[in-house]
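Residue numbers (the numbering used here): 389 to 624.
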């Protein structure tokens, strides 16, 4: 029997997706939200390309770099075409630590990445992990007013939806047991800004537990975490 995805109706019946500008504000408020390229794509689909200044050539659409052509330090397991314009998950037996942006995409059925998150969620044999950082982040982001029109879902409702989701799969809780001050899990010479700290920590936690961090954030660098390989990162 196919596993039921934790759709948005579990949070707020009839909830509609935010206007692209509101969604952009929410994404900037927390770096775990949808990437800028995805938001720009949503804006172009809704409103068309931005007008160019007089005498300027028309802007060319951004092309997503295939995973095989990404720099070696950025390679990770990712989704691949199945010949029908869809993307399917490559097999992995590791337990997945779901990043905050994956939880947000799962819980909001109008989210730009909802279908990709559902494909991951419905994969046979899925094993997931949560930690204090991902649980707290998902609760906070899903309750933000800027993510949707009307009243946001209550924290109690979001918590109940996440509880049901975790009961539906093989779930483990991983404590945030790594110290960035006393330990050496991260190579801080490879971290270029404050926005990368949380994702690097989550990747290090996945390495520590022999699991894989699943995320929509394409900026995560394997080189920032000592011992991290492509098996430890799943870019969606």
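The beta-carbon is built from N, C-alpha and C at its ideal position, and this holds for glycine as well. Values in this document were obtained by computation on a predicted structure and should not be read as measured data.
I'd like the list of long-range same chain contacts for residue 499, defined as Cβ closer than 6 Å, with 5 residues on each side in sequence excluded.
Translated into the one-based positions of the chain shown, residue 499 becomes position 111. Apart from the 5 residues on each side of it in sequence, residue 499 sits with its Cβ closer than 6 Å to the Cβ of 493 in its chain, given in chain order.
How big is the Cα-Cα spacing for residue 573 and residue 564?
As a working note, residue 573 is residue 185 in the chain shown. As a working note, residue 564 is residue 176 in the chain shown. Rounded to the nearest angstrom, the two C-alpha atoms are 13 Å apart.
I'd like the list of long-range same chain contacts for residue 616, defined as Cβ closer than 7 Å, with 5 residues on each side in sequence excluded.
As a working note, residue 616 is residue 228 in the chain shown. Excluding the 5 residues flanking it on each side, residue 616 has same chain C-beta neighbours closer than 7 Å at 591, 595 and 610, in chain order.
Under three-state DSSP, which class holds residue 604?
As a working mapping, residue 604 is identified with position 216 in the chain shown. Of the three classes helix, strand and coil, the one that applies to residue 604 here is coil, per DSSP.
Buried or exposed for residue 656, going by 16 or more other Cβ atoms inside 10 Å?
Only positions 389 to 624 of the chain appear in this structure, which leaves residue 656 out of reach.
Pick out whichever of 602, 521 and 566 has its Cα sitting closest to the Cα of residue 486.
The count along the chain shown starts at 1 and reaches residue 486 at position 98. Taking each of 602, 521 and 566 in turn and checking the Cα distance to residue 486, the smallest one comes out for 602.
Whose C-alpha, out of 624, 523, 490 and 515, is nearest the C-alpha of residue 481?
Here residue 481 refers to the residue found at position 93 of the chain shown. Considering only alpha carbons, the answer is 515.
With 16 other CB atoms within 10 Å as the buried threshold, where does residue 524 fall?
The count along the chain shown starts at 1 and reaches residue 524 at position 136. Answer is exposed; the Cβ neighbour count stays below 16.
What number of angstroms, rounded off, separates the C-alpha of residue 622 from the C-alpha of residue 567?
To locate residue 622, count along the chain shown from 1; it is residue 234. To locate residue 567, count along the chain shown from 1; it is residue 179. Roughly 23 Å between the two C-alpha positions.
Residue closest to residue 483, alpha-carbon to alpha-carbon, out of 613, 560 and 528
On the chain shown, position 95 is the one that residue 483 refers to. Distance check between residue 483 and each of 613, 560 and 528 places 560 closest, using alpha-carbon atoms only.
Going by DSSP, which residues form a beta bridge with residue 616?
For the purposes of this step, residue 616 is taken as the residue at position 228 of the chain shown. Residue 616 pairs with nothing; no bridge assigned.
Determine the direct distance from the alpha carbon of residue 577 to that of residue 527, and round the result to whole angstroms.
For the purposes of this step, residue 527 is identified with residue 139 of the chain shown, where counting begins at 1. For the purposes of this step, residue 577 is identified with residue 189 of the chain shown, where counting begins at 1. If you draw a straight line from the Cα of residue 527 to the Cα of residue 577, it is about 31 Å long.
Here's a check: name, in chain order, each residue in its chain whose Cβ is nearer than 8 Å to the Cβ of residue 522, leaving out the five neighbours to either side.
For the purposes of this step, residue 522 is taken as the residue at position 134 of the chain shown. 485, 486, 487, 488, 491 and 590, listed in sequence order.
Exposed or buried, what is residue 587 when buried is set at 16 or more other beta-carbons lying within 10 Å of its beta-carbon?
Here the question's residue 587 lines up with position 199 in the chain shown. It is buried - the Cβ of residue 587 has at least 16 other Cβ atoms within 10 Å.
Return the chain-ordered ranges of every alpha helix (DSSP H) run that is complete within the region 473–550 and spans a minimum of 4 residues.
Secondary structure within the region 473–550: the alpha helix (DSSP H) runs of 4 or more consecutive residues, fully enclosed, are 488–495, 502–509 and 520–530 (chain order).
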